[in-house]
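S.K.: Numbering (this note's numbering), first residue to last: 12 to 171.
Cβ atoms here follow ideal geometry from the backbone N, Cα and C, with glycine treated the same way.
Quick caveat, the model's predicted, so the values are computed rather than measured.
Quick one: this structure, given as C-alpha coordinates, is what I'll be asking you about.
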(Lines of atoms letter the chains of each structure in order from A and count residues from 1; the text may use other names and numbers.)
(Lines give C-alpha, C1' and ligand atoms only; values in the text may rest on other atoms or scores of the structure.)
Protein backbone atom coordinates (compact mmCIF):
# COMPACT_ATOMS: atom_id res chain seq x y z
CA UNK A 1 0.00 0.00 0.00
CA UNK A 2 1.38 3.41 -0.95
CA UNK A 3 1.54 6.13 1.73
CA UNK A 4 2.35 9.82 2.01
CA UNK A 5 1.65 12.62 4.51
CA UNK A 6 -0.32 15.80 3.91
CA UNK A 7 -1.99 18.62 5.81
CA UNK A 8 -5.73 19.18 5.33
CA UNK A 9 -8.00 22.05 6.29
CA UNK A 10 -11.13 21.22 8.24
CA UNK A 11 -13.89 19.43 6.37
CA UNK A 12 -17.63 19.73 6.92
CA UNK A 13 -19.44 16.54 5.93
CA UNK A 14 -23.21 16.04 5.68
CA UNK A 15 -24.22 12.40 5.74
CA UNK A 16 -25.82 9.42 7.40
CA UNK A 17 -24.27 8.00 10.56
CA UNK A 18 -23.97 4.95 12.79
CA UNK A 19 -22.04 4.19 15.97
CA UNK A 20 -20.12 0.91 15.95
CA UNK A 21 -16.90 -0.89 16.93
CA UNK A 22 -14.36 -2.94 15.02
CA UNK A 23 -15.47 -6.02 16.97
CA UNK A 24 -19.07 -5.53 15.78
CA UNK A 25 -17.95 -4.97 12.20
CA UNK A 26 -15.93 -8.22 12.23
CA UNK A 27 -19.11 -10.24 12.78
CA UNK A 28 -22.28 -10.86 10.78
CA UNK A 29 -24.14 -8.05 12.58
CA UNK A 30 -21.83 -5.31 11.27
CA UNK A 31 -23.62 -2.00 10.74
CA UNK A 32 -21.50 -0.51 7.97
CA UNK A 33 -23.00 -2.43 5.01
CA UNK A 34 -26.47 -1.20 6.05
CA UNK A 35 -25.11 2.35 6.43
CA UNK A 36 -23.77 2.23 2.86
CA UNK A 37 -27.17 0.99 1.70
CA UNK A 38 -28.85 3.88 3.53
CA UNK A 39 -26.40 6.34 1.93
CA UNK A 40 -27.07 5.09 -1.60
CA UNK A 41 -30.85 5.29 -1.03
CA UNK A 42 -30.67 8.84 0.38
CA UNK A 43 -30.81 12.20 -1.37
CA UNK A 44 -27.56 13.30 0.24
CA UNK A 45 -25.83 14.55 -2.87
CA UNK A 46 -28.54 17.12 -3.54
CA UNK A 47 -28.86 17.99 0.17
CA UNK A 48 -25.15 18.39 0.91
CA UNK A 49 -24.61 21.83 -0.57
CA UNK A 50 -22.53 20.74 -3.53
CA UNK A 51 -18.90 21.09 -2.40
CA UNK A 52 -16.88 18.60 -4.50
CA UNK A 53 -19.96 16.45 -5.20
CA UNK A 54 -17.93 13.75 -6.93
CA UNK A 55 -16.23 12.76 -3.66
CA UNK A 56 -17.86 10.38 -1.18
CA UNK A 57 -16.45 10.50 2.36
CA UNK A 58 -16.68 7.77 4.99
CA UNK A 59 -15.62 9.67 8.12
CA UNK A 60 -14.54 7.90 11.31
CA UNK A 61 -15.01 10.26 14.25
CA UNK A 62 -16.03 10.61 17.89
CA UNK A 63 -13.59 7.87 18.92
CA UNK A 64 -14.23 6.47 22.40
CA UNK A 65 -10.54 5.64 22.83
CA UNK A 66 -8.55 3.97 20.06
CA UNK A 67 -9.04 1.30 17.38
CA UNK A 68 -10.59 -0.98 20.03
CA UNK A 69 -13.30 1.42 21.23
CA UNK A 70 -16.56 2.65 19.76
CA UNK A 71 -16.61 5.29 17.02
CA UNK A 72 -19.09 6.99 14.71
CA UNK A 73 -19.01 6.57 10.93
CA UNK A 74 -20.59 9.24 8.73
CA UNK A 75 -20.96 8.56 5.00
CA UNK A 76 -21.67 11.63 2.91
CA UNK A 77 -20.42 14.63 1.02
CA UNK A 78 -18.48 17.77 1.72
CA UNK A 79 -20.78 20.62 2.68
CA UNK A 80 -20.35 24.36 2.48
CA UNK A 81 -21.66 25.03 5.99
CA UNK A 82 -22.38 23.47 9.35
CA UNK A 83 -26.12 24.17 9.25
CA UNK A 84 -28.40 21.46 10.55
CA UNK A 85 -29.70 19.48 7.55
CA UNK A 86 -33.40 19.68 6.71
CA UNK A 87 -33.64 15.88 6.67
CA UNK A 88 -33.67 14.62 10.28
CA UNK A 89 -31.90 11.41 9.18
CA UNK A 90 -28.84 13.39 8.07
CA UNK A 91 -26.05 14.65 10.33
CA UNK A 92 -23.26 17.19 9.99
CA UNK A 93 -19.77 16.42 11.25
CA UNK A 94 -16.68 18.63 11.24
CA UNK A 95 -13.35 16.93 10.68
CA UNK A 96 -10.71 19.20 12.22
CA UNK A 97 -7.67 20.51 10.42
CA UNK A 98 -4.89 17.95 10.81
CA UNK A 99 -1.79 16.29 9.47
CA UNK A 100 -2.69 13.00 7.79
CA UNK A 101 -0.95 9.87 6.69
CA UNK A 102 -2.67 8.81 3.48
CA UNK A 103 -2.88 5.13 2.51
CA UNK A 104 -3.86 4.24 -1.06
CA UNK A 105 -5.47 0.83 -1.44
CA UNK A 106 -4.92 -1.61 -4.24
CA UNK A 107 -7.72 -2.04 -6.80
CA UNK A 108 -10.32 -4.68 -6.15
CA UNK A 109 -13.75 -5.36 -4.66
CA UNK A 110 -14.50 -2.49 -2.27
CA UNK A 111 -15.26 -4.55 0.85
CA UNK A 112 -12.07 -6.61 0.36
CA UNK A 113 -9.68 -3.72 -0.29
CA UNK A 114 -11.11 -1.60 2.53
CA UNK A 115 -10.93 -4.43 5.09
CA UNK A 116 -7.40 -5.33 4.00
CA UNK A 117 -6.29 -1.69 4.13
CA UNK A 118 -7.61 -1.18 7.66
CA UNK A 119 -5.84 -4.33 8.87
CA UNK A 120 -2.60 -3.02 7.34
CA UNK A 121 -3.18 0.42 8.89
CA UNK A 122 -3.72 -1.06 12.38
CA UNK A 123 -0.56 -3.17 12.00
CA UNK A 124 1.41 -0.17 10.71
CA UNK A 125 0.53 2.02 13.69
CA UNK A 126 1.40 -0.71 16.21
CA UNK A 127 5.04 -0.43 15.09
CA UNK A 128 5.22 3.11 13.69
CA UNK A 129 6.90 6.14 15.26
CA UNK A 130 3.87 8.14 14.03
CA UNK A 131 0.93 8.07 16.41
CA UNK A 132 -2.72 8.31 15.48
CA UNK A 133 -4.57 11.39 16.73
CA UNK A 134 -8.08 9.82 16.68
CA UNK A 135 -9.55 13.24 15.87
CA UNK A 136 -11.16 12.18 12.60
CA UNK A 137 -10.10 9.81 9.83
CA UNK A 138 -11.76 9.26 6.49
CA UNK A 139 -11.98 7.10 3.40
CA UNK A 140 -12.20 9.10 0.18
CA UNK A 141 -14.02 7.63 -2.82
CA UNK A 142 -14.30 9.21 -6.28
CA UNK A 143 -17.93 8.74 -7.33
CA UNK A 144 -17.17 9.58 -10.97
CA UNK A 145 -15.66 6.15 -11.57
CA UNK A 146 -16.85 4.24 -8.50
CA UNK A 147 -17.14 0.54 -9.30
CA UNK A 148 -17.72 -1.57 -6.18
CA UNK A 149 -16.20 -4.60 -7.91
CA UNK A 150 -12.95 -2.80 -8.82
CA UNK A 151 -12.23 0.30 -6.78
CA UNK A 152 -9.21 2.13 -5.40
CA UNK A 153 -9.45 4.70 -2.64
CA UNK A 154 -7.44 6.74 -0.18
CA UNK A 155 -7.71 6.41 3.59
CA UNK A 156 -6.65 9.50 5.55
CA UNK A 157 -5.46 8.82 9.11
CA UNK A 158 -5.00 11.85 11.40
CA UNK A 159 -1.58 11.77 13.06
CA UNK A 160 0.00 13.74 15.90
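Let's test the definition: count the other Cβ atoms within 10 Å of the Cβ of residue 71 and tell me whether it reaches 16, buried, or not, exposed.
M.R.: As a first step, residue 71 is located in the chain shown; it is residue number 60 there, counting from the start. Buried is the call here.
S.K.: According to DSSP, residue 22 sits in a beta bridge with which residue or residues?
M.R.: Here the question's residue 22 lines up with position 11 in the chain shown. According to DSSP, residue 22 bridges with 106.
S.K.: Distance check for residue 16 and residue 110, CA to CA, integer angstroms please.
M.R.: On the chain shown, position 99 is the one that residue 110 refers to. On the chain shown, position 5 is the one that residue 16 refers to. Looking at the two C-alpha atoms, the distance is approximately 7 Å.
S.K.: Is residue 13 helix, strand or coil when you go by DSSP?
M.R.: For this step, residue 13 is matched to residue 2 along the chain shown. DSSP places residue 13 in strand when its eight states are reduced to three.
S.K.: In whole angstroms, what separates the C-alpha of residue 143 from that of residue 43?
M.R.: Within the chain shown, the letter at position 132 stands for residue 143. Within the chain shown, the letter at position 32 stands for residue 43. Distance between the alpha carbons of residue 143 and residue 43 is about 22 Å.
S.K.: From what residue to what residue does the alpha helix (DSSP H) around residue 74 run?
M.R.: Counted from its first residue, the chain shown places residue 74 at position 63. Run containing residue 74: none; DSSP gives neither H nor E here.
S.K.: Rounded to whole angstroms, what is the Cα-Cα separation between residue 126 and residue 140?
M.R.: To locate residue 126, count along the chain shown from 1; it is residue 115. To locate residue 140, count along the chain shown from 1; it is residue 129. Going by the C-alpha atoms only, they are around 23 Å apart.
S.K.: Just to confirm before moving on: does the CB-CB distance between residue 23 and residue 50 stay below 8 Å?
M.R.: Numbered from its first residue, the chain shown carries residue 23 at position 12. Numbered from its first residue, the chain shown carries residue 50 at position 39. Cβ distance not < 8 Å, so residue 23 and residue 50 don't count as in contact.
S.K.: Mapping the DSSP letters down to three states, classify residue 152 as helix, strand or coil.
M.R.: Taking the first residue of the chain shown as position 1, residue 152 is located at position 141. If DSSP states are grouped into helix, strand and coil, residue 152 belongs with the strands.
S.K.: My output table needs one value for residue 130: the three-state DSSP class, helix, strand or coil.
M.R.: Against the chain shown, residue 130 aligns to sequence position 119. In the structure shown, residue 130 sits in a helix (DSSP, three-state: H, G or I).
S.K.: Return the CA-CA distance between residue 154 and residue 69, expressed in angstroms with no decimal places.
M.R.: Walking along the chain shown from the start, residue 154 turns up at place 143. Walking along the chain shown from the start, residue 69 turns up at place 58. In a straight line, the C-alpha of residue 154 is about 12 Å away from that of residue 69.
S.K.: How would you label residue 95, buried or exposed, when you count the other beta carbons within 10 angstroms and need 16 or more for buried?
M.R.: Residue 95 sits at position 84 when you count from the first residue of the chain shown. Exposed, since its Cβ has fewer than 16 Cβ neighbours within 10 Å.
S.K.: What's the C-alpha gap between residue 76 and residue 106?
M.R.: Residue mapping note: residue 76 aligns to position 65 of the chain shown, counting from 1. Residue mapping note: residue 106 aligns to position 95 of the chain shown, counting from 1. Those two C-alpha atoms are separated by around 17 Å.
S.K.: Between the Cα of residue 73 and those of 165, 145 and 152, spot the shortest distance and give me the residue it belongs to.
M.R.: Here residue 73 corresponds to residue number 62 of the chain shown, with the count starting at 1. For residue 73, the nearest C-alpha among the options comes from 145.
S.K.: In chain order, what residues of the same chain have a beta carbon less than 6 Å from the beta carbon of residue 118, not counting five sequence neighbours either side?
M.R.: On the chain shown, residue 118 is found 107 positions in, with the first residue counted as 1. Counting only Cβ-Cβ distances below 6 Å, and skipping sequence neighbours, we find 161 and 163.
S.K.: Tell me residue 87's beta-bridge partners as DSSP assigns them.
M.R.: Working through the chain shown from its first residue, we reach residue 87 at position 76. Note: residue 87 sits in a beta bridge opposite 26 and 68.
S.K.: Which two residues bound the contiguous alpha helix (DSSP H) that contains residue 34?
M.R.: For this step, residue 34 is matched to residue 23 along the chain shown. Taken as a continuous stretch (DSSP letters only), the alpha helix (DSSP H) holding residue 34 covers 33 to 36.
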